[in-house]
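Sequence positions in the sequence shown follow the working numbering and run 103 to 540.
Scroll down for the structure; my scribbles are underneath it.
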Amino acid sequence: MRITTVGCGYLGAVYAASMASIGHEVLGLDIDQAKVENLNAGISTFHEPGFDKILQEALESGRLRFSTDYLSVSEYEAHVICVGTPQQIDSAGADLSYVYAALDSLIPYLDDSDVVVGRSTVPVGTAASLVERLRAAGSNATLAWNPEFLREGFAVKDTLHPDRIVYGLPEDPGGAARARAVLDTLYASMLEAETPVVTGNFATAELVKVSANSFLATKISFINAVADVCEATGADVSVIAEAIGLDDRIGPKFLRAGIGFGGGCLPKDIRAFMARAGELGVTEALGFLREVDNVNNRRRDHLVNMTRHALGGSFTSKRVAVLGAAFKPDSDDTRQSPALYIASKISGRGANVVVTDPAANHRVQAERPNLAVADDAYEAAESADVVLLLTEWQEFKDLDPVRLRGVVGTPHMIDGRNALDPARWRAAGWTYQSMGRP
Ligand code: UDX
């Protein structure tokens, strides 16, 4: 199938290369000339395992190219909207301006037989408003809603081998048949592999995505709330997570207590969901998400307080090593990163903070010039009064506690991700503290 993808950020670039890799002919569109030039040269603009390889192979196959020029859009039959929907600067709601701009830029080139596929995460009701926008502009193109569920760090795998595919189809039978035919062709190889397809109307498909992310956020905040109680009682939250996770109905995933969730999705999605519920007159239905957000934010401040205690009550002139800046391992994304929040807060209170991250150092330098950056953990920890592990990269889990002890001022480790083995670190002479574990 000949498809365009609009937006070549995280979602769009991975989607474009992945679709080309399974045989489609793809034109990736973006307004950012530099980004387009980089992608055409096979250079990734973000850190994502496996993406560079798939990008280069797709470019070599001749089935993928990127452009800022919409003129050839009329030669393509499906158009996939992959732009971001960040939190608005002055409210909790999602900023839909990129989605509307993406549709508006396509409209002049659409045939009535074309299908526009929305993949961005949007508030419920957006797809219906996009249909109105198409019609108002005189286009009879069909809209389908097809939310994505990719995790950063696993973006290629999640795009090519999703757990499920969701089809949001229009109410009119002709449009629904057209949309389904296009989606079936797009995802033919996944359907052959018997990936489950779940079908609903636009509102259902839009809500599937925000419901999934809200549930994941709730699971994390739940276990973090339990961690608070563990700290007050001497219980061990990781043993509790293991025990409750063995119940099939609960499952073991997303029960890692720590400094909470960040990133470009979960925080903004729960806030946008609450904002939309307010607009729909059902604020109370999602009132619990406010607490999910609060629990999450408290985890970060809790770690800041633990650090202050470890330093004897004051940050002034103390040296703090921070291991990790990305919101999670295998990513260089620092959006809403708990690690970066904590590092900045501690620096703002007078400590000398040295951060190191295997992939995100360049972002720390660009976004937080007040923070010093080191090449690795041993350099960051030199003469440190306390070491904070805030993103659980494998290379931090593999650290040698004996060697690290040799460089620090005080061997005090606060493990914000419960990623290290307490016995091993204590045996090497460290004071070791973690989250919700005695
Ligand atoms: C998430 C969803 O998982 C994905 O389906 C959606 O499409 C986009 O949002 P992502 O933002 O890549 O993906 O990160 P995810 O792996 O979900 O982790 C989110 C945050 O939760 C990270 O900061 C992570 O460190 C934290 N987390 C995760 C925990 O604190 N504990 C856990 O048990 C799991």
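Just so you know, even glycine gets a beta-carbon here, dropped at the ideal spot from N, CA and C.
Next item on the list: Rounded to whole angstroms, what's the CA-CA distance from Leu405 to Arg104? Just pull it up for me.
Entry: Walking along the sequence shown from the start, residue 405 turns up at place 303. Walking along the sequence shown from the start, residue 104 turns up at place 2. Approximately 50 angstroms between the Cα atoms of the pair.
Margin query: Measuring alpha carbon to alpha carbon, tell me which residue in Glu254, Asp286, Asp395, Ile267 is nearest Val299.
Written below: In the sequence shown, counting from the first residue as 1, residue 299 sits at position 197. Measuring from the Cα of Val299, the nearest candidate turns out to be Ile267.
Checklist line | Complete runs of the beta strand (DSSP E) confined to the stretch 400-457 [at least 3 residues] | finding: 421-425
Checklist line | Anticipated Cβ contact below 8 angstroms, Ser439 with Phe429, distance rounded | finding: Here residue 439 refers to the residue found at position 337 of the sequence shown. Here residue 429 refers to the residue found at position 327 of the sequence shown. Indeed, because the Cβ distance is near 4 angstroms, the residues count as touching under 8 angstroms.
Margin query: Could you compute how far the alpha carbon of Thr418 sits from the alpha carbon of Asp487?
Written below: Here the question's residue 418 lines up with position 316 in the sequence shown. Here the question's residue 487 lines up with position 385 in the sequence shown. Approximately 11 angstroms between the Cα atoms of the pair.
Checklist line | Whole-angstrom distance between Ala525 and Ala374, CA atom to CA atom | finding: Counted from its first residue, the sequence shown places residue 374 at position 272. Counted from its first residue, the sequence shown places residue 525 at position 423. Near 42 angstroms, if we compare the C-alpha coordinates of Ala525 and Ala374.
Item checked: Rounded C-alpha distance that separates Ser241 from Asp197 -> Stepping through the sequence shown from its first residue, residue 241 is reached at position 139. Stepping through the sequence shown from its first residue, residue 197 is reached at position 95. Rounded to whole angstroms, Ser241 to Asp197 spans 24 angstroms at the Cα level.
Notebook entry, point to check: Which class does His464 belong to by DSSP, given the choice of helix, strand or coil?
Noted result: Here residue 464 is taken as the residue at index 362 of the sequence shown, counted from 1. Helix, per DSSP.
Item checked: Beta-carbon proximity check, Thr106 vs His181, cutoff 9 angstroms -> For the purposes of this step, residue 106 is identified with residue 4 of the sequence shown, where counting begins at 1. For the purposes of this step, residue 181 is identified with residue 79 of the sequence shown, where counting begins at 1. In contact: Thr106 and His181 (Cβ atoms closer than 9 angstroms).
Check: Considering only the beta carbon of each residue, do Asp395 and Ser323 sit closer than 9 angstroms?
Finding: Within the sequence shown, the letter at position 293 stands for residue 395. Within the sequence shown, the letter at position 221 stands for residue 323. Yes, the Cβ-Cβ distance between Asp395 and Ser323 is below 9 angstroms.
Item checked: heavy atom of ligand 1 below 8 angstroms from Ser222 C-beta -> Residue mapping note: residue 222 aligns to position 120 of the sequence shown, counting from 1. Every heavy atom of ligand 1 is 8 angstroms or more from the Cβ of Ser222, so no.
Margin query: Can you confirm whether the stretch 515-532 touches the stretch 352-368 when touching is taken to mean that 3 or more C-beta pairs between the two stretches lie within less than 8 angstroms?
Written below: yes
Check: Start and end of the alpha helix (DSSP H) containing Gly508?
Finding: In the sequence shown, counting from the first residue as 1, residue 508 sits at position 406. 503-509 is the span of the alpha helix (DSSP H), which, as asked, contains Gly508.
Checklist line | Own chain, CB closer than 6 angstroms to Val233, minus 5 neighbours either side, in chain order | finding: On the sequence shown, residue 233 is found 131 positions in, with the first residue counted as 1. If we look at Val233 and ignore the five residues flanking it on each side, its Cβ neighbours are Leu245.
Note to self: Quick check: does the Cβ of Lys430 come within less than 8 angstroms of any heavy atom belonging to ligand 1?
What the structure shows: In the sequence shown, counting from the first residue as 1, residue 430 sits at position 328. Because some heavy atom of ligand 1 lies under 8 angstroms away, the Cβ of Lys430 counts as near it: yes.
Margin query: Using a Cβ-based criterion (distance less than 8 angstroms to any ligand heavy atom), does Asp350 qualify as near ligand 1?
Written below: Taking the first residue of the sequence shown as position 1, residue 350 is located at position 248. No, the Cβ of Asp350 stays beyond 8 angstroms of every heavy atom of ligand 1.
Check: Say the cut is 8 angstroms; is the CB of Cys367 nearer than that to a heavy atom of ligand 1?
Finding: Numbered from its first residue, the sequence shown carries residue 367 at position 265. Because some heavy atom of ligand 1 lies under 8 angstroms away, the Cβ of Cys367 counts as near it: yes.
Next item on the list: Could you tell me if the beta carbon of Glu159 falls within a distance shorter than 8 angstroms of some heavy atom in ligand 1?
Entry: Residue numbering aside, residue 159 sits at position 57 when the sequence shown is read from its first letter. Result no, Cβ not under 8 angstroms from ligand 1.
Next item on the list: Within the same chain, show all residues whose beta-carbon is closer than 6 angstroms to that of Gly195, passing over the 5 residues directly before and after it, in chain order.
Entry: The residue labelled residue 195 in the question sits at position 93 within the sequence shown. The answer, listed in chain order, is Ala374, Ala377.
Next item on the list: Look up Val339 in the DSSP assignment and say whether it is helix, strand or coil.
Entry: One-based indexing of the sequence shown puts residue 339 at position 237. Correct three-state label for Val339: helix.
Notebook entry, point to check: Is the Cβ-Cβ distance between Leu425 and Leu491 less than 9 angstroms?
Noted result: Taking the first residue of the sequence shown as position 1, residue 425 is located at position 323. Taking the first residue of the sequence shown as position 1, residue 491 is located at position 389. Contact: yes.
Notebook entry, point to check: Between the beta-carbon of Tyr112 and the beta-carbon of Phe168, is there less than 9 angstroms?
Noted result: Here residue 112 refers to the residue found at position 10 when the sequence shown is read from its first residue. Here residue 168 refers to the residue found at position 66 when the sequence shown is read from its first residue. Not in contact: Tyr112 and Phe168 (Cβ atoms no closer than 9 angstroms).
Item checked: Continuous alpha helix (DSSP H) assignments of at least 4 residues falling wholly in the stretch 165-220 -> 199-208
Check: Starting from Gly380 and walking both ways along the alpha helix (DSSP H), at which residues does that stretch end?
Finding: The count along the sequence shown starts at 1 and reaches residue 380 at position 278. From DSSP, the alpha helix (DSSP H) with Gly380 extends over 368-381.
Check: According to DSSP, what are the bridge partners of His514?
Finding: Walking along the sequence shown from the start, residue 514 turns up at place 412. DSSP output for His514 lists Thr533 as bridge partner(s).
Note to self: Helix, strand or coil for Leu473? Go by DSSP, reduced to three states.
What the structure shows: Counting from one through the sequence shown, the residue named residue 473 turns up at place 371. Coil.
Item checked: Best match in Glu254, Ala115, Phe153 for proximity to Asp432 [C-alpha to C-alpha] -> Numbered from 1 along the sequence shown, position 330 holds the residue referred to as residue 432. It is Glu254 whose Cα lies nearest to the Cα of Asp432.
Next item on the list: Could you tell me whether the Cβ atoms of Asp134 and Gly114 are closer together than 9 angstroms?
Entry: On the sequence shown, position 32 is the one that residue 134 refers to. On the sequence shown, position 12 is the one that residue 114 refers to. Against a cut-off of 9 angstroms, the Cβ pair of Gly114 and Asp134 comes out as no contact.
Note to self: Please tell me whether Tyr172 and Pro210 are closer than 9 angstroms, where the distance is taken between their beta carbons.
What the structure shows: On the sequence shown, position 70 is the one that residue 172 refers to. On the sequence shown, position 108 is the one that residue 210 refers to. Contact: yes.
Notebook entry, point to check: Quick one: is the Cβ of Ser340 within less than 8 angstroms of any heavy atom of ligand 1?
Noted result: Locating residue 340 in the sequence shown gives position 238, where the first residue counts as 1. Outside the cutoff, so no.
Next item on the list: Output yes or no for whether 9 angstroms exceeds the beta carbon distance between Thr436 and Glu481.
Entry: For the purposes of this step, residue 436 is identified with residue 334 of the sequence shown, where counting begins at 1. For the purposes of this step, residue 481 is identified with residue 379 of the sequence shown, where counting begins at 1. No. Outside cutoff.
Check: According to the neighbour-count rule (16 or more other Cβ atoms, all chains shown, within 10 Å of its Cβ), is Arg165 buried or exposed?
Finding: Counted from its first residue, the sequence shown places residue 165 at position 63. By the neighbour-count rule (16 or more Cβ atoms within 10 Å), Arg165 is buried.
Next item on the list: Please check the pair Cys110 and Val138, which I expect to be a contact at CB under 8 angstroms, by giving their CB distance rounded to whole angstroms.
Entry: Numbered from its first residue, the sequence shown carries residue 110 at position 8. Numbered from its first residue, the sequence shown carries residue 138 at position 36. Contact flag correct, Cβ pair sits at about 7 angstroms.
Next item on the list: Just the C-alpha distance for Thr170 and Phe317, rounded to the nearest angstrom, thanks.
Entry: Stepping through the sequence shown from its first residue, residue 170 is reached at position 68. Stepping through the sequence shown from its first residue, residue 317 is reached at position 215. Rounded to whole angstroms, Thr170 to Phe317 spans 37 angstroms at the Cα level.
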